[in-house]
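Counting in my numbering, the sequence shown runs from 162 upward without gaps.
Glycine is no exception: its CB is placed at the ideal position from the N, C-alpha and C atoms.
Below is one structure, written out as structure tokens, with a few remarks after it.
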Amino acid sequence: SHLLICAGAGMSADSGLAVYNQVADLPAYHAMKVDYGKLCTPTWYYEDPEIYYGFWGKRYNDYMKTEPHKGYTILLDIAKELFTIDETNTNYFVYTSNVDSHFIKAGFPSSKVQEIHGSCLSWHCPKPCNTPTPTPTTPTPTPTPTPTPTPT
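See the structure below:
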């Protein structure tokens, strides 16, 4: 026997997290005429890092401070009743469109959770992985010379 758990935005919403159509429902984003889809474009990292980090920083903070609701525990308990819950068991798997990592936070091994849209816990290249990805241009501080002691 096998268990495949498939979940989407409803799982996150029941924990109190905003879902995709609510995330960008803020006056600042309305003024910019951007929606969730446009804000999720990785090019913000290069075009306007303040928008990028503001948007994803808020998402990350919300995901980390919000506890998974009881439904995650119920699903984990069902899996535990059926199988040994470890990295090597191939009889169960979680497939989710959520990026909040709540299945992992609830106790599912990360190797058993496929977050198909990515995860807030890991970096995803905004370009194909075989293409070098430059970081945004930031000023490099000039090192202060250290005085050399003079012999006495």
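In the assembly as shown, Ser176 is a buried residue. Its beta-carbon has 16 or more other beta-carbons within 10 Å. One alpha carbon belongs to Thr249, the other to Ile277, and they sit about 21 Å apart. Annotated three-state conformation of Glu228 is coil, per DSSP. Annotation: the continuous beta strand (DSSP E) that includes Glu276 extends over 274-276. Secondary structure of Val180 (DSSP, three-state): coil. Here Asn259 has Ala168, Gly169, Ala170, Met172, Ser173, Glu276, His278 as same chain residues with Cβ atoms under 8 Å from its own Cβ, once five neighbours each way along the sequence are excluded.
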